[in-house]
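Enquirer: With UniProt numbering, letter number 35 in the sequence shown gets 35, and the count goes up by one each step, no holes.
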Amino acid sequence: MGGELVPGLGALRRRKRLLEQEKWLACWALTLAGIGIGLMVLHAEMLWFGGCTWAFYLFLVKCTISISTFLLLCFILAFHAKEVQAVNATGHLSDTLWLIPITFLTIGYGDVVPGTMWGKIVCLCTGVMGVCCTALLVAVVARKLEFNKAEKHVHNFMMDIQYAKEMKESAARVLQEAWMFYKHTRRKDSGAARRHQRKLLAAINTFRQVRLKHRKLREQVNSMVDISKMHMILCDLQLGLSSSHQALEKRIDTLAGKLDTLTELLSTALKQLPEPSQEAT
């Protein structure tokens with residue numbers, strides 16, 4: 001992922017220079033490949049027909065073939081490097097180190113973009129990881145910073161005290177400015193009267209704002225208290241219903257026992273009565 005982007009005509013000149021270097025490297029590579037192939041063919045023919053076994057000749061031919069092969073590989077690698085630079089406008093480590101954090105932080109300036117498929121896949125995975133990490137961090141931090149029930153009650157209590165104090169101060173300021181405005185009006189000092197009139201209006205506006213904030217806080221506290229009271233009332237109702245249900249079950253069991261006892265007594269009394277035929281005799 002690349003170096004400094006050259007706009008306009010500079011990019012075309014850079015690309016043209018890279019293409020010329022590619023042509024030069026390709027010509028040298030083909031020349032060395034032809035020389036190596038020719039030497040190999042010549043060496044094979046000389047060994048087949050002439051039976052040449054000179055040690056110096058064999059060493060020279062093998063060294064020439066090895067050197068030409070090594071140079072050919074070097075030219076191929078250089079050609080590939082120039083081709084990559086010509087195709088990709090971004091291909092340096094500095095831009096990679098810039099693109100990855102920017103993609104991870106989900107900013108995306110768009111000054112550097114991936115040019116290959118694997119680069120796009122890496123940027124996609126980095127963006128997904130950045131979104132997941134950001135969401136997880138926000139959820140954890142929000143849960144840690146959120147007040148619990150006791151902290152909310154303490155905070156509301158302290159804010160109630162602060163708003164009550166501000167209301168008293170603003171009310172006292174309203175009375176003070178009203179008296180000063182009345183005083184300077186009676187003295188017919190128009191400049192001081194207008195000044196204290198503006199201060200009076202500002203004090204009234206401040207008093208209204210503080211009273212509105214205090215009212216909202218009271219409504220919020222009352223809603224929280226109402227919810228807690230509703231929960232307590234529901235718990236008490238559930239407890240009362242369960243206790244009354246248990247008492248009703250006990251009374252039903254007692255009545256059932258009494259009915260069983262009464263049935264047994266009636267059956268015993270009926271058994272003890274004499275039969276009518278025995279009484280007639």
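Cβ atoms here follow ideal geometry from the backbone N, Cα and C, with glycine treated the same way. Since the model is a prediction, treat every value here as computed from it, not as a measurement.
(1) Which whole-angstrom value describes the C-beta separation of F59 and L32, a residue pair presumed to lie in contact below a C-beta threshold of 8 angstroms?
(2) Work out the CA separation of T116 and L39 for me, nearest whole Å.
(3) Which same chain residues, not among the five before or five after P7, have their C-beta less than 7 angstroms away from its C-beta?
(4) Could you tell me the distance, in whole angstroms, from the CA atom of R17 to the CA atom of W24?
(5) Tell me the residue span of the alpha helix (DSSP H) that contains V122.
(6) Please state whether the Cβ-Cβ distance between L72 and A26 is less than 8 angstroms.
(7) Could you give the first and the last residue of the continuous alpha helix (DSSP H) run that contains R186?
(8) Going by C-alpha to C-alpha distance, which of V122, D160 and L201 sits closest to M180?
(9) Given that a residue counts as buried once 16 or more other Cβ atoms are within 10 Å of its Cβ, and exposed if not, what is L145?
(10) Using only CA atoms, which one of V174, L217, G130 and T96 lies nearest to I107?
(11) Put P114 into one of helix, strand or coil per three-state DSSP.
(12) Determine contact between the stretch 155–175 and the stretch 121–140, defined as no fewer than three beta-carbon pairs at a distance below 8 angstroms.
(13) Where does D111 land, buried or exposed, given buried means 16+ other C-beta within 10 angstroms?
(14) Do the stretch 171–178 and the stretch 201–218 make contact, defined as three or more Cβ pairs closer than 8 angstroms?
(15) Output the distance between the C-alpha atoms of K271 and L265, rounded to the nearest integer angstrom.
Expert: Here's the rundown:
(1) Sequence index remark: in the sequence shown, residue 59 carries index 59 (1-based). Sequence index remark: in the sequence shown, residue 32 carries index 32 (1-based). At roughly 20 angstroms, the Cβ-Cβ gap does not stay under 8 angstroms, so F59 and L32 are not in contact.
(2) Numbered from its first residue, the sequence shown carries residue 39 at position 39. Numbered from its first residue, the sequence shown carries residue 116 at position 116. In a straight line, the C-alpha of L39 is about 41 angstroms away from that of T116.
(3) The residue you call residue 7 lines up with position 7 of the sequence shown. Low confidence applies here, because P7 scores a pLDDT of 47, under 50, leaving its location unreliable and the question unanswered by this model.
(4) For the purposes of this step, residue 17 is taken as the residue at position 17 of the sequence shown. For the purposes of this step, residue 24 is taken as the residue at position 24 of the sequence shown. Using only the alpha carbons, I get a separation of about 11 angstroms.
(5) If you number the sequence shown from 1, residue 122 lands on position 122. Segment M117 to L145, the alpha helix (DSSP H) holding V122.
(6) Numbered from its first residue, the sequence shown carries residue 72 at position 72. Numbered from its first residue, the sequence shown carries residue 26 at position 26. Their beta carbons are not under 8 angstroms apart, which means L72 does not touch A26 by this criterion.
(7) Within the sequence shown, the letter at position 186 stands for residue 186. Its alpha helix (DSSP H) spans residues K149 to R186.
(8) Start at 1 with the first residue of the sequence shown, and residue 180 comes out as number 180. The residue with the shortest Cα to Cα distance from M180 is L201.
(9) Residue numbering aside, residue 145 sits at position 145 when the sequence shown is read from its first letter. Exposed, because fewer than 16 other Cβ atoms sit within 10 Å of the Cβ of L145.
(10) Within the sequence shown, residue 107 is the residue found at index 107, counting from 1. Answer by Cα proximity: G130.
(11) In the sequence shown, the residue the question calls residue 114 occupies position 114. P114 falls in the coil class under three-state DSSP.
(12) no
(13) Walking along the sequence shown from the start, residue 111 turns up at place 111. Exposed, by the Cβ-count rule.
(14) yes
(15) Indexing the sequence shown from 1 puts residue 271 at position 271. Indexing the sequence shown from 1 puts residue 265 at position 265. Approximately 10 angstroms, taken between the alpha carbons.
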